[in-house]
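Written below as structure tokens is the structure these notes are about.
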Amino acid sequence: MDALIKAFLHVCITVPDLDEALRFYRDVLGFKSVFETRTDKADGKLLGFDEEEIGIYAHHVLTAGAEHGHSTEINLIEYTNPKTIAEEGPYLQMNHVGITRLALLVADVKEACKTIRVHKGVQIVCEPKEIIIREPGMTIVTRWFSFRDPYGVFIAVTEPPKM
Amino acid sequence: MDRYINRLFHVCITVPDIEKALGFYQDVLGLESIGSLRNEKADGAVLGFPGQTIEIHANHLCGKRKENATVIDLIEFLTPRSDAGDKPYKLMNHTGITRMAFDVDDTDAIYRKLQQRGDVEMLCEPCTVVAPTGGSLRILTFRDPFGIVLELIQFIPESAQKS
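As you go down the protein sequences, you meet chains G and R in turn.
Those letters in the first sequence? Residues 0 to 162, by numbering that gives the first Met the number 0.
Those letters in the second sequence? Residues 0 to 162, by numbering that gives the first Met the number 0.
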């Protein structure tokens with residue numbers, strides 16, 4: 000079978016207010032913006048809208064040390080026309096069918112949790128905890144915590160596993 | 000600002016039926032499974048099910064470029080069951096993780112393959128847009144068999160374009 004797909008290019012998070020979102024994704028999580036666009040002429044049909052042209056404001060962000068063009072970006076996007084639908088937040092339950100969550104890799108889960116939890120609007124879902132995976136002849140200790148961003152987007156955080 | 004996130008580790012797609020999902024993500028899109036779990040029981044706390052043991056089937060998928068790649072974590076929930084009653088986001092301006100995009104070599108070849116299936120809803124026919132960095136992009140957006148919006152992006156450098 001042919002591998003049609005070269006790479007996973009980006010994942011899109013729709014937010015009601017991009018400048019506010021950047022204060023979390025850039026200033027707290029430390030993502031770096033590599034591309035910015037603000038236009039009233041984005042292709043509406045392509046994104047499934049009835050309108051030919053829609054208005055968007057977007058930043059493409061990357062993690063520390065990631066190489067532009069070779070890593071999956073997060074595409075943070077605020078719809079300006081039609082506006083982002085904010086009343087109904089993201090999926091409440093992780094067993095909802097759809098793209099439900101992101102996972103981030105950090106050096107130290109406990110430190111990351113300390114930094115993230117103090118940002119206004121962040122809700123911790125699960126405090127840092129060890130999850131032990133037992134395989135024949137090997138025990139792997141992974142550590143995780145999970146939270147919702149100020150808009151309710153579900154994010155799990157882990158660190159490199161210890162054997 | 001300290002940058003402590005190493006990378007986007009994975010993006011999770013919850014599906015109602017893992018075998019049907021693999022039939023699409025693996026056999027049609029050609030993503031490769033690099034790990035598989037069946038009837039895996041886990042502490043539900045990290046995923047927002049405190050005090051519950053959850054049971055899942057999961058596959059980790061990636062494209063041709065594997066080095067440091069963000070993987071797709073395809074998950075079918077058994078306990079509690081994947082909730083398919085409420086479909087994925089209908090509109091892309093809904094707050095949340097709304098879509099993901101893949102880098103491909105030939106958008107039109109995949110488009111023809113998707114058309115043959117009959118269970119894939121196109122949001123828009125393949126179209127060519129000017130790339131912000133020069134050259135152009137051949138883009139297609141569609142819904143997978145569960146309603147999740149995916150995007151294919153083929154980069155066409157300026158030198159390869161017919162004038």
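The beta-carbon is built from N, C-alpha and C at its ideal position, and this holds for glycine as well.
Considering only DSSP beta bridges, list what residue i is partnered with.
{"i": "residue 10 of chain R", "result": "G/101 and R/71"}
{"i": "residue 150 of chain R", "result": "R/100 and R/140"}
{"i": "residue 94 of chain G", "result": "Paired residue(s): none; residue 94 of chain G is not in a bridge."}
{"i": "residue 32 of chain R", "result": "R/60"}
{"i": "residue 48 of chain G", "result": "Residue 48 of chain G pairs with nothing; no bridge assigned."}
{"i": "residue 128 of chain R", "result": "R/136"}
{"i": "residue 161 of chain G", "result": "G/140"}
{"i": "residue 91 of chain R", "result": "Its beta-bridge partners do not exist; DSSP assigns none."}
{"i": "residue 145 of chain R", "result": "In the DSSP output, where bridge partners are listed per residue, residue 145 of chain R has none listed."}
{"i": "residue 159 of chain R", "result": "Its beta-bridge partners do not exist; DSSP assigns none."}
{"i": "residue 66 of chain R", "result": "Looking at the DSSP assignment, residue 66 of chain R forms no beta bridge with any residue, so it has no partner."}
{"i": "residue 156 of chain G", "result": "G/103 and G/144"}
Tell me the residue span of the alpha helix (DSSP H) that contains residue i.
{"i": "residue 18 of chain G", "result": "17-24"}
{"i": "residue 57 of chain G", "result": "It is not in any alpha helix (DSSP H) - residue 57 of chain G instead sits in the beta strand (DSSP E) that spans 52-61."}
{"i": "residue 83 of chain G", "result": "Counting along the chain, residue 83 of chain G falls outside any alpha helix (DSSP H), and DSSP gives it neither H nor E."}
{"i": "residue 108 of chain G", "result": "108-116"}
{"i": "residue 133 of chain G", "result": "Looking at the DSSP string, residue 133 of chain G is not in any alpha helix (DSSP H); the run it does join, the beta strand (DSSP E), is 122-134."}
{"i": "residue 80 of chain R", "result": "Neither: residue 80 of chain R is in no alpha helix (DSSP H) and is coded neither H nor E."}
{"i": "residue 148 of chain G", "result": "First-last for residue 148 of chain G: undefined, no H or E at that position."}
{"i": "residue 2 of chain R", "result": "Looking at the DSSP string, residue 2 of chain R is not in any alpha helix (DSSP H), and its letter there is neither H nor E."}
{"i": "residue 41 of chain G", "result": "Where residue 41 of chain G is concerned, there is no enclosing alpha helix (DSSP H), although the beta strand (DSSP E) it sits in stretches over 31-42."}
{"i": "residue 86 of chain R", "result": "First-last for residue 86 of chain R: undefined, no H or E at that position."}
{"i": "residue 46 of chain R", "result": "That residue, residue 46 of chain R, is in no alpha helix (DSSP H); it is neither H nor E in DSSP."}
{"i": "residue 165 of chain R", "result": "A question about residue 165 of chain R goes unanswered here, because the residues of chain R that appear run from 0 up to 162."}
The beta strand (DSSP E) that contains residue i, what's its start and end?
{"i": "residue 201 of chain R", "result": "Limits of chain R in this structure are 0 at one end and 162 at the other, which puts residue 201 of chain R out of reach."}
{"i": "residue 22 of chain R", "result": "Note, residue 22 of chain R: premise wrong, no beta strand (DSSP E); alpha helix (DSSP H) at 17-24."}
{"i": "residue 71 of chain G", "result": "Residue 71 of chain G -> no beta strand (DSSP E), and no H or E assigned at all."}
{"i": "residue 5 of chain G", "result": "4-14"}
At the level of alpha carbons, what is the spacing between residue i and residue j?
{"i": "residue 159 of chain G", "j": "residue 142 of chain G", "result": "8 angstroms"}
{"i": "residue 19 of chain R", "j": "residue 153 of chain R", "result": "26 angstroms"}
{"i": "residue 90 of chain G", "j": "residue 95 of chain R", "result": "8 angstroms"}
{"i": "residue 106 of chain R", "j": "residue 151 of chain R", "result": "6 angstroms"}
{"i": "residue 52 of chain R", "j": "residue 135 of chain G", "result": "22 angstroms"}
{"i": "residue 114 of chain G", "j": "residue 100 of chain G", "result": "20 angstroms"}
{"i": "residue 80 of chain R", "j": "residue 94 of chain G", "result": "7 angstroms"}
{"i": "residue 62 of chain R", "j": "residue 125 of chain R", "result": "21 angstroms"}
{"i": "residue 97 of chain R", "j": "residue 5 of chain R", "result": "23 angstroms"}
{"i": "residue 156 of chain G", "j": "residue 127 of chain R", "result": "37 angstroms"}
{"i": "residue 3 of chain R", "j": "residue 104 of chain G", "result": "9 angstroms"}
{"i": "residue 73 of chain G", "j": "residue 38 of chain R", "result": "31 angstroms"}
{"i": "residue 19 of chain G", "j": "residue 82 of chain G", "result": "15 angstroms"}
{"i": "residue 17 of chain G", "j": "residue 55 of chain G", "result": "10 angstroms"}
{"i": "residue 34 of chain R", "j": "residue 15 of chain G", "result": "36 angstroms"}
{"i": "residue 123 of chain G", "j": "residue 92 of chain G", "result": "15 angstroms"}
{"i": "residue 157 of chain R", "j": "residue 138 of chain R", "result": "16 angstroms"}
{"i": "residue 119 of chain R", "j": "residue 147 of chain R", "result": "10 angstroms"}
{"i": "residue 121 of chain R", "j": "residue 97 of chain G", "result": "17 angstroms"}
{"i": "residue 71 of chain G", "j": "residue 10 of chain G", "result": "7 angstroms"}
{"i": "residue 48 of chain R", "j": "residue 77 of chain R", "result": "13 angstroms"}
{"i": "residue 75 of chain G", "j": "residue 117 of chain R", "result": "32 angstroms"}
{"i": "residue 131 of chain R", "j": "residue 12 of chain R", "result": "29 angstroms"}
{"i": "residue 55 of chain R", "j": "residue 130 of chain G", "result": "15 angstroms"}
{"i": "residue 0 of chain G", "j": "residue 40 of chain R", "result": "Because residue 0 of chain G carries a pLDDT of 48, less than 50, the predicted location of this residue cannot be relied on, and the following value inherits that uncertainty. Each residue's alpha carbon lies about 32 angstroms from the other."}
{"i": "residue 115 of chain R", "j": "residue 68 of chain G", "result": "31 angstroms"}
Query raised in the report: Does the region 50-70 of chain G come close enough to the region 24-34 of chain G to have 3 or more Cβ pairs within less than 8 angstroms?
Result: Flag = yes, the region 50-70 of chain G and the region 24-34 of chain G touch.
Requested in this report: Would you check if the region 135-153 of chain R and the region 80-94 of chain R touch, i.e. whether three or more CB-CB distances between them fall below 8 angstroms?
Outcome: The region 80-94 of chain R makes contact with the region 135-153 of chain R; the number of CB pairs closer than 8 angstroms reaches 3 or more.
Report task. Give, in chain order, every residue of the region 78-105 of chain G whose Cβ lies closer than 8 angstroms to some Cβ of chain R. Result -> 78, 81, 82, 83, 84, 85, 87, 88, 89, 90, 92, 93, 94, 95, 96, 97, 98, 99, 100, 101, 102, 103, 104 and 105
Report task. Would you be able to state if there are at least three C-beta pairs under 8 angstroms between the region 72-86 of chain R and the region 150-162 of chain G? Result -> Judged by Cβ distances under 8 angstroms, the region 150-162 of chain G makes no contact with the region 72-86 of chain R, as fewer than three pairs qualify.
Query raised in the report: Between the region 24-32 of chain R and the region 41-50 of chain R, do three or more beta carbon pairs fall short of 8 angstroms?
Result: Contact between the region 24-32 of chain R and the region 41-50 of chain R is absent: fewer than 3 CB-CB pairs across the two stretches fall below 8 angstroms.
Query raised in the report: At a cut of 8 angstroms, does the region 102-110 of chain R reach the region 67-74 of chain R through at least three beta carbon pairs?
Result: no
Requested in this report: Note down, in chain order, all residues in the region 8-24 of chain G with a beta-carbon under 9 angstroms from any beta-carbon belonging to chain R.
Outcome: 8, 9, 10, 11, 12, 13, 14 and 15
Query raised in the report: Is the region 11-24 of chain G close to the region 107-114 of chain G, with three or more CB pairs under 8 angstroms?
Result: no
Query - Proximal residues, the region 10-33 of chain R versus chain G, C-beta separation under 9 angstroms - result: 10, 11, 12, 13, 14, 15, 25, 26, 27, 28, 29, 30 and 31
**Report entry** Short-range partners of chain G found in the region 82-94 of chain R, where Cβ spacing is below 9 angstroms
**Finding:** 82, 83, 84, 85, 86, 87, 88, 89, 90, 91, 92, 93 and 94
Report task. Taking a Cβ distance cut-off of 8 angstroms, strictly less, list which residues of the region 40-52 of chain G are near chain R, in chain order. Result -> 42, 44, 45, 46, 47 and 48
**Report entry** Selection of the region 114-134 of chain G by Cβ proximity to chain R, strictly under 8 angstroms
**Finding:** 114, 124, 125, 128 and 130
Report task. Could you list the residues in the region 99-112 of chain R with a C-beta less than 9 angstroms from some C-beta on chain G, going in chain order? Result -> Of all residues in the region 99-112 of chain R, 99, 100, 101, 102, 103, 104, 105, 108, 109 and 112 have a Cβ within less than 9 angstroms of some Cβ in chain G.
Report task. Could you name the residues of the region 140-153 of chain G whose beta carbon sits closer than 8 angstroms to any beta carbon of chain R, in the order they occur along the chain? Result -> Within the region 140-153 of chain G, those residues whose Cβ lies closer than 8 angstroms to any Cβ of chain R are, in chain order, 143, 144, 145, 150, 151, 152 and 153.
Query - Contact set between the region 113-141 of chain R and chain A, restricted to residues whose Cβ is under 8 angstroms from the partner - result: The chain labelled as chain A is not found among the protein chains of the depicted structure, namely G and R.
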